[in-house]
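Numbering-wise (our numbering), the sequence shown opens with residue 84 and increments by one. Think of the CB as a built atom: it goes at the ideal place given N, C-alpha and C, for glycine as much as any other residue. These figures come from a predicted structure and were not determined experimentally. Input: a single structure, listed below in structure tokens.
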Amino acid sequence: SDVRSIEDMRGKVIASEVASATEGLSGGLLQWREMLSRGISLTDDTKAVVWISGGPFAMGELLIERKIDVALMRTSMLEFFYQSGQIGQNDWRAVEGGVQKWKGSTFPRVSSTPIVPE
Numbered sequence: 084s085d086v087r088s089i090e091d092m093r094g095k096v097i098a099s100e101v102a103s104a105t106e107g108l109s110g111g112l113l114q115w116r117e118m119l120s121r122g123i124s125l126t127d128d129t130k131a132v133v134w135i136s137g138g139p140f141a142m143g144e145l146l147i148e149r150k151i152d153v154a155l156m157r158t159s160m161l162e163f164f165y166q167s168g169q170i171g172q173n174d175w176r177a178v179e180g181g182v183q184k185w186k187g188s189t190f191p192r193v194s195s196t197p198i199v200p201e
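Shown next as structure tokens:
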């Protein structure tokens with residue numbers, strides 16, 4: 084998809100885990116917070132929200148099939164998909180992802196949100 088920034092999520096089909104609605108901090112709630120901080124409502128400003136019960140693997144399938152534009156998933160899943168050979172390094176990207184610090188050290192994964200403990 085052409086989503087490169089959080090603002091680009093407007094009008095897109097977004098997938099999030101069902102559990103995120105009540106308990107999934109890293110599988111959706113942190114991403115929703117980042118969207119809201121930019122004035123973007125997950126439900127009002129996107130084309131559709133697809134609630135997934137199969138976790139990041141189900142979202143990965145939908146991305147591969149181009150049925151969704153964005154998947155809200157936890158840190159390290161992007162690297163997992165790269166390393167497993169399911170996607171190439173340039174197929175997907177973390178939206179506004181970058182290197183984060185955790186307890187004074189560089190966190191070894193790309194993240195679009197602040198790092199929090201599990």
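Shortest alpha-carbon distance to residue i belongs to which of the options?
i	options	result
G94	T126, L113, W115, A177	T126
E90	L112, I123, D174	I123
So, using beta-carbon positions, are residue i and residue j closer together than 8 Å?
i	j	result
G138	E100	yes
I170	A98	no
Buried or exposed, going by whether 16 or more other CB atoms sit within 10 Å of the CB of residue i?
i	result
Q166	exposed
W35	No answer is possible for residue 35: the residues shown for the chain start at 84 and end at 201.
In chain order, what residues of the same chain have a beta carbon less than 6 Å from the beta carbon of residue i, not counting five sequence neighbours either side?
i	result
L155	S99, G111, Q114
L146	A154
I237	Residue 237 falls outside the range modelled here, since the chain spans only 84 to 201, and no answer is possible.
P128	A small fix is needed here, since residue 128 is Asp in this sequence, not Pro. For D128, where only same-chain residues beyond five positions count, the Cβ hits under 6 Å are R93.
Taking 8 Å as the limit between beta carbons, can you name the residues of its chain near residue i, skipping five residues before and five after?
i	result
Q172	Y165
A131	V96, I97
My understanding is that residue i touches residue j, with C-beta atoms under 8 Å, so please give their C-beta distance in whole angstroms.
i	j	result
V178	R121	No, V178 and R121 are not in contact; Cβ-Cβ is about 11 Å, not under 8 Å.
M118	M92	6 Å
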